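S.K.:
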Amino acid sequence: MAHLPTFDPDDIVTVDKLDLRLRESEARGETAIAHVQLRMEQRFNEVDARFAALETTIELRSSALEAKITEQSTALETKITEQSSALEAKITEQSTALEMRSTALEAKITAQSTALEAKITERYSALEKQSSALALTMEQRSGGLEARLAAVEEAMRLLPELVSERVLRTLAFWILPTIVSAIGVSVALARAVGSG
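Quick note on the working numbering: the sequence shown kicks off at 147 and runs consecutively.
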């Protein structure tokens, strides 16, 4: 006779056992879900902390950069103001010096012009006096030459009675051109001086 297995009543799956197993599975699932949720919450908190730290770092760096830019802008503005003031002072100084030189040059030119005008006036007066004296002298000489010419003409008129015709021609050929030329030059000089 064959040997039959023994039957254990505990091996029988009852509704209560199934319900218990189901409850245990649900409990394990809830525990696992809670664990996962806890880990996810921790990760989210870490990410939030990192974002907060990054935001703080960015804000600090932005503030430092803004302060540095402000400092550099202020320094640059101060430097530009100083250079502009120095340049303006230099331009003013050069303009003043140039104005003084222009004034001195103008005064020098005025003085030289006045002196030159006085010298020209004096020279013109002297030349005018010399011209008047020369005109008077030439007029006197012209009058003397005219008198001499009249005397010569009178002598020539009387010569035929005293000198032969041949001697008269010789005198007329040599003397008269010289006398006429001298009279012409004297008259021309007198006219030139008088018109000048």
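All residues carry an ideal CB built from backbone N, CA and C; glycine is no exception. These numbers come from a predicted model, not from an experiment.
1. Taking all protein chains shown into account, decide if residue 284 is buried (16 or more other Cβ within 10 angstroms of its Cβ) or exposed.
2. On the criterion of 16 or more Cβ atoms from any shown chain inside 10 Å, does residue 211 qualify as buried, or is it exposed?
3. Using the Cα positions of residue 207 and residue 168, report the straight-line distance between them to the nearest angstrom.
4. Tell me whether residue 251 is buried or exposed, calling it buried when 16 or more other Cβ atoms sit within 10 Å of its Cβ.
5. Roughly how many whole angstroms lie between the Cα atoms of residue 164 and residue 173?
6. To the nearest angstrom, report how far apart residue 185 and residue 179 are at their CA atoms.
7. Which term fits residue 233, buried or exposed, when burial requires 16 or more other beta carbons within 10 angstroms of its beta carbon?
8. Whole angstroms is fine: what's the gap from residue 237's alpha carbon to residue 249's?
M.R.: To lay it out plainly:
1. What you label residue 284 is simply residue 138 of the sequence shown in a count that begins at 1. Classification of residue 284: buried, given that the 10 Å Cβ count is 16 or more.
2. Numbered from 1 along the sequence shown, position 65 holds the residue referred to as residue 211. By the 10 Å Cβ count, residue 211 comes out exposed.
3. For the purposes of this step, residue 207 is taken as the residue at position 61 of the sequence shown. For the purposes of this step, residue 168 is taken as the residue at position 22 of the sequence shown. Straight across, the Cα-Cα distance linking residue 207 with residue 168 is about 57 angstroms.
4. In the sequence shown, the residue the question calls residue 251 occupies position 105. Its Cβ having fewer than 16 others within 10 Å, residue 251 is exposed.
5. If you number the sequence shown from 1, residue 164 lands on position 18. If you number the sequence shown from 1, residue 173 lands on position 27. Roughly 14 angstroms between the two C-alpha positions.
6. Taking the first residue of the sequence shown as 1, we reach residue 185 at position 39. Taking the first residue of the sequence shown as 1, we reach residue 179 at position 33. In a straight line, the C-alpha of residue 185 is about 10 angstroms away from that of residue 179.
7. For this step, residue 233 is matched to residue 87 along the sequence shown. Per the 10 Å Cβ criterion, exposed.
8. Here residue 237 corresponds to residue number 91 of the sequence shown, with the count starting at 1. Here residue 249 corresponds to residue number 103 of the sequence shown, with the count starting at 1. When rounded, the distance between both Cα atoms is 18 angstroms.
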